[in-house]
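> Just so you know, the protein sequences line up as chains R and L, in that order. For the first sequence, position 311 matches number 311 in this note's numbering, and the numbering has no gaps at all. Position in the second sequence (first residue = 1) + 318 = this note's numbering. Ideal placement from N, C-alpha and C gives every residue a C-beta, glycine not left out. Just so we're clear, the structure is a prediction, and the values are computed from it rather than from any experiment.
Protein chains: 2
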Amino acid sequence: MSAAHLPASQSPVATNLSGGAVEFTQHLRELQKQIEVAMDAALSATPDVTRFVPPSLFESLRYSALGGGKRLRPVLVLLASEACGADPLQAMPAAVALEMIHCYSLIHDDLPAMDDDDLRRGRPTNHIVYGEATAILAGDGLLTRAFEVLATEISNKELALACVADLASAAGWCGMVGGQAADLAAETTPVTTLVELEQIHHRKTGRLLACALTMGGRLGGASVQQLESLARYGFAIGLAFQIADDLLDVEGSSEKLGKQTQKDAQAGKATYPGFLGVEASRERATDLVKQACRELELFGPRGQWLSDLALYIIERDH
Amino acid sequence: MSAAHLPASQSPVATNLSGGAVEFTQHLRELQKQIEVAMDAALSATPDVTRFVPPSLFESLRYSALGGGKRLRPVLVLLASEACGADPLQAMPAAVALEMIHCYSLIHDDLPAMDDDDLRRGRPTNHIVYGEATAILAGDGLLTRAFEVLATEISNKELALACVADLASAAGWCGMVGGQAADLAAETTPVTTLVELEQIHHRKTGRLLACALTMGGRLGGASVQQLESLARYGFAIGLAFQIADDLLDVEGSSEKLGKQTQKDAQAGKATYPGFLGVEASRERATDLVKQACRELELFGPRGQWLSDLALYIIERDH
Numbered sequence: 001m002s003a004a005h006l007p008a009s010q011s012p013v014a015t016n017l018s019g020g021a022v023e024f025t026q027h028l029r030e031l032q033k034q035i036e037v038a039m040d041a042a043l044s045a046t047p048d049v050t051r052f053v054p055p056s057l058f059e060s061l062r063y064s065a066l067g068g069g070k071r072l073r074p075v076l077v078l079l080a081s082e083a084c085g086a087d088p089l090q091a092m093p094a095a096v097a098l099e100m101i102h103c104y105s106l107i108h109d110d111l112p113a114m115d116d117d118d119l120r121r122g123r124p125t126n127h128i129v130y131g132e133a134t135a136i137l138a139g140d141g142l143l144t145r146a147f148e149v150l151a152t153e154i155s156n157k158e159l160a161l162a163c164v165a166d167l168a169s170a171a172g173w174c175g176m177v178g179g180q181a182a183d184l185a186a187e188t189t190p191v192t193t194l195v196e197l198e199q200i201h202h203r204k205t206g207r208l209l210a211c212a213l214t215m216g217g218r219l220g221g222a223s224v225q226q227l228e229s230l231a232r233y234g235f236a237i238g239l240a241f242q243i244a245d246d247l248l249d250v251e252g253s254s255e256k257l258g259k260q261t262q263k264d265a266q267a268g269k270a271t272y273p274g275f276l277g278v279e280a281s282r283e284r285a286t287d288l289v290k291q292a293c294r295e296l297e298l299f300g301p302r303g304q305w306l307s308d309l310a311l312y313i314i315e316r317d318h
Numbered sequence: 319m320s321a322a323h324l325p326a327s328q329s330p331v332a333t334n335l336s337g338g339a340v341e342f343t344q345h346l347r348e349l350q351k352q353i354e355v356a357m358d359a360a361l362s363a364t365p366d367v368t369r370f371v372p373p374s375l376f377e378s379l380r381y382s383a384l385g386g387g388k389r390l391r392p393v394l395v396l397l398a399s400e401a402c403g404a405d406p407l408q409a410m411p412a413a414v415a416l417e418m419i420h421c422y423s424l425i426h427d428d429l430p431a432m433d434d435d436d437l438r439r440g441r442p443t444n445h446i447v448y449g450e451a452t453a454i455l456a457g458d459g460l461l462t463r464a465f466e467v468l469a470t471e472i473s474n475k476e477l478a479l480a481c482v483a484d485l486a487s488a489a490g491w492c493g494m495v496g497g498q499a500a501d502l503a504a505e506t507t508p509v510t511t512l513v514e515l516e517q518i519h520h521r522k523t524g525r526l527l528a529c530a531l532t533m534g535g536r537l538g539g540a541s542v543q544q545l546e547s548l549a550r551y552g553f554a555i556g557l558a559f560q561i562a563d564d565l566l567d568v569e570g571s572s573e574k575l576g577k578q579t580q581k582d583a584q585a586g587k588a589t590y591p592g593f594l595g596v597e598a599s600r601e602r603a604t605d606l607v608k609q610a611c612r613e614l615e616l617f618g619p620r621g622q623w624l625s626d627l628a629l630y631i632i633e634r635d636h
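1) Can you tell which of R/S229, R/G175 and R/V289 has its C-alpha closest to the C-alpha of L/V367?
2) Could you work out which residues of chain R lie near L/M432, taking near to mean beta carbons separated by less than 7 Å?
3) For R/T188, does the count of other Cβ atoms within 10 angstroms reach 16, so buried, or fall short, so exposed?
4) Rounded to a whole number of angstroms, what is the C-alpha to C-alpha distance between R/L57 and R/R203?
5) Suppose you measure from the CA of L/C481 to the CA of L/A431; what does that come to, to the nearest Å?
6) Tell me whether the region 496 to 516 of chain L and the region 184 to 199 of chain R touch, counting them as touching only if at least three CB pairs, one residue from each stretch, are closer than 8 Å.
7) Check whether chain L comes within 8 Å of R/E198, counting only Cβ atoms and requiring the distance to be less than that.
8) According to DSSP, is L/R600 part of a helix, a strand, or is it coil?
9) Report back the beta-carbon spacing between R/D118 and R/I128 to the nearest angstrom; my notes put them in contact at under 8 Å.
10) Would you list, in chain order, the members of the region 216 to 235 of chain R that have their beta-carbon closer than 9 Å to a beta-carbon of chain L?
11) Tell me, please, whether the CB atom of R/T152 is closer than 8 Å to any CB atom in chain L?
12) Does the structure place the region 267 to 275 of chain R close enough to the region 347 to 364 of chain L that three or more beta carbon pairs sit under 8 Å?
13) Our contact map puts L/E466 next to R/A231 with C-beta atoms below 8 Å; I'd like the distance itself, whole angstroms only.
14) Using the Cβ count rule (16 or more neighbours within 10 Å means buried), how would you classify L/L479?
15) So which of R/P74, R/E228, R/L98 and R/A97 has the shortest CA-CA distance to R/P88?
16) Along chain L, in chain order, which residues have C-beta atoms closer than 8 Å to that of R/T144?
17) Does R/Q180 have its Cβ less than 8 Å from a Cβ in chain L?
18) Using C-beta distances below 7 Å, list every residue in its chain close to R/A14, excluding the 5 sequence neighbours before and after it, in chain order.
19) Can you have a look at L/R438 and say buried or exposed, based on whether 16 or more other CB atoms are within 10 angstroms of its CB?
20) Name the two residues that bound the continuous alpha helix (DSSP H) containing R/E36.
21) Taking the alpha helix (DSSP H) that R/N329 belongs to, which residues open and close that run?
22) DSSP beta-bridge partners for R/L119?
23) Give the secondary structure of R/I243 by DSSP, where H, G and I count as helix, E and B as strand, and everything else as coil.
24) Given that L/R521 touches chain R, what residues does it touch there, using C-beta distances under 8 Å?
25) Can you pull the chain R residues whose beta carbon is under 7 Å from the beta carbon of L/A503, in chain order?
26) Going by the CB atoms, is the gap between R/L309 and R/M215 shorter than 8 Å?
27) Which of the residues in the region 473 to 484 of chain L, read from start to end, lie with their CB under 7 Å from any CB of chain R?
28) Which chain R residues are close to L/E417, counting only those with a beta carbon under 8 Å from its beta carbon?
29) For L/A412, which of L/P372, L/S423 and L/A483 has the nearest alpha-carbon?
30) Can you tell me where the alpha helix (DSSP H) holding R/V195 begins and where it ends?
31) Compute the Euclidean distance between the alpha carbons of R/E196 and R/Q242, then round it to the nearest angstrom.
32) Leaving aside the five residues before and after L/A588 along the sequence, list all residues of the same chain whose C-beta is less than 7 Å from its C-beta, in chain order.
33) Quick check: what's the CA-CA separation for R/A133 versus L/A409?
34) Measure the Cβ-Cβ separation of L/A274 and L/G539 and say whether it is below 8 Å.
35) In three-state DSSP terms, what is R/C103?
36) Pull up the distance between the alpha-carbon of R/L288 and that of R/A240, whole angstroms please.
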């Protein structure tokens with residue numbers, strides 16, 4: 001299957017992709033199911049949790065962390081491990097930790113002082129349900145729990161520590177947190193070049209996606225060269241993902257997305273379609289996916305799932 | 319020097335303590351100075367930081383993390399390492415990480431949706447200076463950076479990973495974050511027993527203080543028995559510290575403390591003086607300090623600084 005023949009329509013992946021697409025979709029669903037189970041277990045009511053975590057905080061964390069979603073980031077962790085020839089499930093602690101970081105960032109980003117969103121994945125946002133104070137604490141709790149999971153659930157201690165360093169760097173002030181701050185700053189000092197826009201996306205989403213690949217690769221026994229390829233794949237699909245997001249905001253329906261659309265344009269936000277137009281944006285996404293897939297040559301047939309996923313990312317309609 | 323003869327007055331420590339007090343104060347100041355240097359270095363404008371961290375976020379993090387304060391928690395990390403016969407400064411990464419967690423918690427606790435405080439250590443709080451959005455992100459950034467420091471600055475990888483697990487557990491939903499949530503819940507469902515009050519303090523301040531001792535002990539080469547004693551010492555002085563805080567709120571001046579006083583009573587908050595009265599509260603603090611000092615017997619003369627610090631905690635007037 002070649003990314004060069006990517007159709008421009010936005011119908012579901014299973015009907016769009018050529019041979020192997022159904023198999024990929026099944027594999028994806030299986031991994032998503034396993035991720036749900038692992039997230040639930042990592043946030044379950046153990047005796048300590050029952051004793052020490054107030055009920056509203058407990059529910060608030062679980063509301064946002066177990067609220068479904070595509071689970072794209074943890075899937076990437078598992079597929080990277082699998083691409084290296086390892087059992088994908090042995091990378092689950094890193095997948096869970098990364099998804100917790102993603103979920104905390106959504107809770108905090110949705111706060112009134114930040115993006116002020118009432119709706120997320122078709123449900124009221126955390127602070128709408130539990131109040132702002134609990135939402136802030138739920139975010140803090142998930143962020144902290146992510147590192148606890150890495151430190152306690154990975155049997156190889158050296159790899160566990162490397163994952164802590166990876167994740168803290170990707171999620172921190174030089175990474176995701178810095179990207180969110182730059183995004184907020186762009187509200188008063190608008191972004192005027194595509195380079196600036198890409199620098200924001202690099203931090204806001206790219207670093208965490210690349211980290212998913214790196215952690216999965218590490219736990220799957222990747223060589224240094226493989227780790228570098230995985231990270232480059234991650235950055236490429238990260239940008240492709242962002243372009244697809246911008247396109248969905250222009251073209252998608254609020255009903256399907258489970259969140260407001262046309263919000264970027266209304267807020268005067270810089271977007272890919274804004275800079276390049278819709279068609280050129282779609283081409284750029286296609287090029288990035290091709291670039292990502294080239295990085296997978298190193299993995300031979302084992303890289304196929306990641307290649308399928310790259311296509312899935314820009315074909316999704318929600 | 320015996321905790322049994324603790325004076326009730328609140329004059330500065332150097333004039334209150336008997337033999338060795340001046341020496342202790344000097345040692346304390348020296349460690350505090352080293353901590354300032356290390357905090358500054360961990361949050362300095364490296365090429366990556368200059369490139370990726372927006373200026374307002376950078377300033378906001380440094381505003382709260384380098385704003386002085388007693389540095390009690392990182393001092394405890396260093397003294398615990400020293401009590402085990404190690405160079406206190408080799409535990410500095412753990413000291414810095416723990417202080418970052420403390421600083422982030424203050425930024426988030428001060429937010430309008432939480433305790434809504436405008437003043438901290440005599441200066442406007444972070445969100446007053448930088449706005450709520452940046453304050454939330456500065457807290458997230460500090461929290462994440464803490465784990466990055468542990469993962470990258472401690473040479474013994476096994477100990478580094480143990481410290482990540484310690485800190486994540488102490489600061490997380492079963493620890494500090496849970497305690498803050500319980501404290502907020504107490505605003506609508508008031509605490510009616512001393513046991514409940516102590517359970518909140520155990521999580522909100524006790525866990526992090528015990529973690530300071532445990533991490534310092536680990537890095538100083540403590541035995542399992544010594545680690546357990548250090549943790550118990552931490553919980554005892556944590557509670558003593560909280561009682562002292564409650565007493566200062568009743569008796570201290572806003573000018574000296576750099577924050578509003580009588581706030582607890584005004585907010586109808588449960589406090590030690592509220593349950594026990596001022597005198598019995600002071601006695602309870604003294605008992606806890608004695609209890610803490612007994613845990614230090616295991617360390618012989620090397621435990622002296624920690625013993626001095628326990629006294630210092632309940633004698634401070636700011």
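Taking the geometry as given:
1) On the second sequence, position 49 is the one that residue 367 of chain L refers to. L/V367 has its Cα closest to that of R/G175, out of R/S229, R/G175 and R/V289.
2) On the second sequence, position 114 is the one that residue 432 of chain L refers to. Neighbours of L/M432 on chain R, chain order: A133 and I136.
3) Along the first sequence, read from residue 1 onward, the residue named residue 188 of chain R stands at position 188. By the neighbour-count rule (16 or more Cβ atoms within 10 Å), R/T188 is not buried but exposed.
4) Position 57 of the first sequence, counted from the start, is the residue given in the question as residue 57 of chain R. Position 203 of the first sequence, counted from the start, is the residue given in the question as residue 203 of chain R. Going from the Cα of R/L57 to the Cα of R/R203 covers about 29 Å.
5) Reading the second sequence from its first residue, position 163 is the one you call residue 481 of chain L. Reading the second sequence from its first residue, position 113 is the one you call residue 431 of chain L. Cα to Cα, L/C481 sits roughly 31 Å from L/A431.
6) no
7) For the purposes of this step, residue 198 of chain R is taken as residue 198 along the first sequence, with counting starting at 1. No, its Cβ sits nowhere closer than 8 Å to a Cβ of chain L.
8) Here residue 600 of chain L refers to the residue found at position 282 when the second sequence is read from its first residue. Three-state DSSP puts L/R600 in a helix.
9) Here the question's residue 118 of chain R lines up with position 118 in the first sequence. Here the question's residue 128 of chain R lines up with position 128 in the first sequence. Between R/I128 and R/D118 the Cβ distance is about 6 Å, and since that is below 8 Å, they are a contact.
10) none
11) For the purposes of this step, residue 152 of chain R is identified with residue 152 of the first sequence, where counting begins at 1. Yes - at least one Cβ of chain L is within 8 Å of the one on R/T152.
12) no
13) Mapped onto the second sequence, residue 466 of chain L falls at position 148. Mapped onto the first sequence, residue 231 of chain R falls at position 231. Contact flag wrong, Cβ pair sits at about 17 Å.
14) Residue mapping note: residue 479 of chain L aligns to position 161 of the second sequence, counting from 1. So L/L479 counts as buried.
15) Working through the first sequence from its first residue, we reach residue 88 of chain R at position 88. Taking only the C-alpha atoms, the option nearest R/P88 is R/P74.
16) Looking up residue 144 of chain R in the first sequence gives position 144. By Cβ distance, chain L contributes L461, A486, A489, G490, W491 and V495.
17) Taking the first residue of the first sequence as position 1, residue 180 of chain R is located at position 180. Yes, contact with chain L.
18) Translated into the one-based positions of the first sequence, residue 14 of chain R becomes position 14. Low confidence applies here, because R/A14 scores a pLDDT of 34, under 50, leaving its location unreliable and the question unanswered by this model.
19) The residue given as residue 438 of chain L occupies position 120 in the second sequence. Classification for L/R438: buried.
20) Walking along the first sequence from the start, residue 36 of chain R turns up at place 36. Segment A21 to A42, the alpha helix (DSSP H) holding R/E36.
21) Here chain R covers residues 1 to 318 and nothing more, so residue 329 of chain R does not appear.
22) Counting from one through the first sequence, the residue named residue 119 of chain R turns up at place 119. In DSSP, R/L119 forms a bridge with R/P124.
23) The count along the first sequence starts at 1 and reaches residue 243 of chain R at position 243. Here R/I243 sits in helix by DSSP.
24) Residue 521 of chain L sits at position 203 when you count from the first residue of the second sequence. Under the 8 Å cutoff, chain R gives F52.
25) Within the second sequence, the letter at position 185 stands for residue 503 of chain L. P54 and S56, listed in chain order.
26) For the purposes of this step, residue 215 of chain R is identified with residue 215 of the first sequence, where counting begins at 1. For the purposes of this step, residue 309 of chain R is identified with residue 309 of the first sequence, where counting begins at 1. Not in contact: R/M215 and R/L309 (Cβ atoms no closer than 8 Å).
27) K475, E476, A478, L479, V482 and A483
28) Taking the second sequence and counting its residues from 1, the one referred to as residue 417 of chain L is at position 99. By Cβ distance, chain R contributes nothing, its closest Cβ being about 16 Å from L/E417, past 8 Å.
29) In the second sequence, counting from the first residue as 1, residue 412 of chain L sits at position 94. For the residues L/P372, L/S423 and L/A483, the minimum Cα distance to L/A412 belongs to L/A483.
30) Taking the first residue of the first sequence as position 1, residue 195 of chain R is located at position 195. L194 to H201 is the extent of the alpha helix (DSSP H) around R/V195.
31) Within the first sequence, the letter at position 196 stands for residue 196 of chain R. Within the first sequence, the letter at position 242 stands for residue 242 of chain R. Distance between the alpha carbons of R/E196 and R/Q242: 14 Å.
32) Residue mapping note: residue 588 of chain L aligns to position 270 of the second sequence, counting from 1. A504, P508, V509 and L515.
33) The residue labelled residue 133 of chain R in the question sits at position 133 within the first sequence. The residue labelled residue 409 of chain L in the question sits at position 91 within the second sequence. Roughly 34 Å between the two C-alpha positions.
34) Residue 274 of chain L cannot be examined here, being either before or after the span of chain L that is shown, 319 to 636.
35) Within the first sequence, residue 103 of chain R is the residue found at index 103, counting from 1. R/C103 falls in the helix class under three-state DSSP.
36) Counted from its first residue, the first sequence places residue 288 of chain R at position 288. Counted from its first residue, the first sequence places residue 240 of chain R at position 240. Between R/L288 and R/A240, the C-alpha separation is close to 6 Å.
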